[in-house]
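Chemist:
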Amino acid sequence: MRKILLPLILVLGFGARAFAAVGCDLNDPDRDVKRLFPESTSYKTAYLSVDKLGGQPLLQEIETRLGDKFQGLYETVDVPYTVYTIYKGDAVIGYIHGINQKGQYGGLQVFLSYDAQGSIRGFYYQKMTNRKAAGLRSDDFARQFAGLTLADFQSYNPQTASGGSAKVAAIQNPSTDDATDFNATLRAVKKNLILTDIFVFNKR
Numbered sequence: 000m001r002k003i004l005l006p007l008i009l010v011l012g013f014g015a016r017a018f019a020a021v022g023c024d025l026n027d028p029d030r031d032v033k034r035l036f037p038e039s040t041s042y043k044t045a046y047l048s049v050d051k052l053g054g055q056p057l058l059q060e061i062e063t064r065l066g067d068k069f070q071g072l073y074e075t076v077d078v079p080y081t082v083y084t085i086y087k088g089d090a091v092i093g094y095i096h097g098i099n100q101k102g103q104y105g106g107l108q109v110f111l112s113y114d115a116q117g118s119i120r121g122f123y124y125q126k127m128t129n130r131k132a133a134g135l136r137s138d139d140f141a142r143q144f145a146g147l148t149l150a151d152f153q154s155y156n157p158q159t160a161s162g163g164s165a166k167v168a169a170i171q172n173p174s175t176d177d178a179t180d181f182n183a184t185l186r187a188v189k190k191n192l193i194l195t196d197i198f199v200f201n202k203r
């Protein structure tokens, strides 16, 4: 599959170590894009950061919208984010964006695919270290996010794990052991939606 660099703001000044430590890229973009968008013909890749797009004021805006503070290695202002824009011919048919999120036993990598209007088309974990959370990896769990938008998560409070639309409230936790990774996942989804809203749709 042809890869093109999207002419947006590219992140400069990050060494390979920084990208490896905190970036969240698709493991195999050619394969993963085709799996998530079988009808696609090409994609473009953009590397972005909150630091380059707006710095500390933008970070504070994102935290306000999220309802929680950024903290730790995965949420510094200079974390690089990768956005994949998906094409069928010359038409944009969607986007893919993944973020790192602290989970119960380590980092989660939560990827969302979107249609061209910003609704969630697909959800999956690229990485999860909780071996007991098989239910969270299931197709049944992933399907609960299809069709949701940022508006559904607007009032979701990740600190109390409450709120959101009726569709968000209806999302079932398949894990009977602990709610930590489930709650972390919902926070990750809201964060992903907010960042995509800014990176892709330029909504501040």
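Everything in the sequence shown is counted per numbering that gives the first Met the number 0, starting at 0 for the first residue and increasing by one.
From the three backbone atoms N, C-alpha and C, an ideal C-beta is built for every residue, glycine too.
Predicted model only: the values in this text are computed from it and were never measured.
(1) Y83 bridges to which residues according to DSSP?
(2) Kindly indicate which residue of K190, K202, K189 and D180 has the alpha-carbon position closest to the one of Q103.
(3) Flag this pair as touching only if the region 35 to 54 and the region 75 to 95 have three or more C-beta atom pairs under 8 angstroms; answer yes or no.
(4) What is the residue span of the beta strand (DSSP E) that D114 lies within?
(5) Considering only residues of the region 49 to 80, which uninterrupted alpha helix (DSSP H) runs meet the minimum length of 4 residues and lie entirely inside it, listed in chain order?
(6) What is the DSSP secondary structure of F181, reduced to helix, strand or coil?
(7) What is the rounded straight-line gap between the Cα of A20 and the Cα of N129?
(8) Check for me: the alpha helix (DSSP H) holding F140 runs from which residue to which?
(9) Mapping the DSSP letters down to three states, classify I170 as helix, strand or coil.
(10) So what does DSSP say about F122, is it helix, strand or coil?
(11) Between R120, A169, I170 and N172, which has its C-alpha nearest Y94's C-alpha?
(12) Output the distance between the C-alpha atoms of A133 and D176, rounded to the nearest integer angstrom.
(13) Buried or exposed for S112, going by 16 or more other Cβ atoms inside 10 Å?
(14) Using 7 angstroms as the threshold, is the C-beta distance between S204 and G163 below it?
(15) Compare the Cα-Cα distances from F144 to each of Q158, K126 and S118 and report the closest residue.
(16) Using a 10 Å radius around the Cβ and a threshold of 16 neighbouring Cβ atoms, would you call K189 buried or exposed?
(17) Would you kindly work out how many angstroms separate the C-alpha atoms of V167 and I193, rounded to a whole number?
(18) Should Q108 go down as buried or exposed, given a rule of 16 or more other Cβ atoms within 10 Å for buried?
(19) So which of Y73, T75 and L58 has the shortest CA-CA distance to G66?
Modeler: On the basis of the data shown:
(1) T44 and I95
(2) D180
(3) yes
(4) G106 to D114
(5) 49 to 52 and 54 to 65
(6) helix
(7) Here the model assigns A20 a pLDDT of 37, short of 50, so the residue's position is not dependable, and the following value carries that caveat. The straight-line gap from Cα to Cα measures roughly 20 angstroms.
(8) D138 to R142
(9) coil
(10) strand
(11) R120
(12) 11 angstroms
(13) buried
(14) Not covered by the structure: residue 204. The range shown for the chain is 0 to 203.
(15) S118
(16) buried
(17) 16 angstroms
(18) buried
(19) L58
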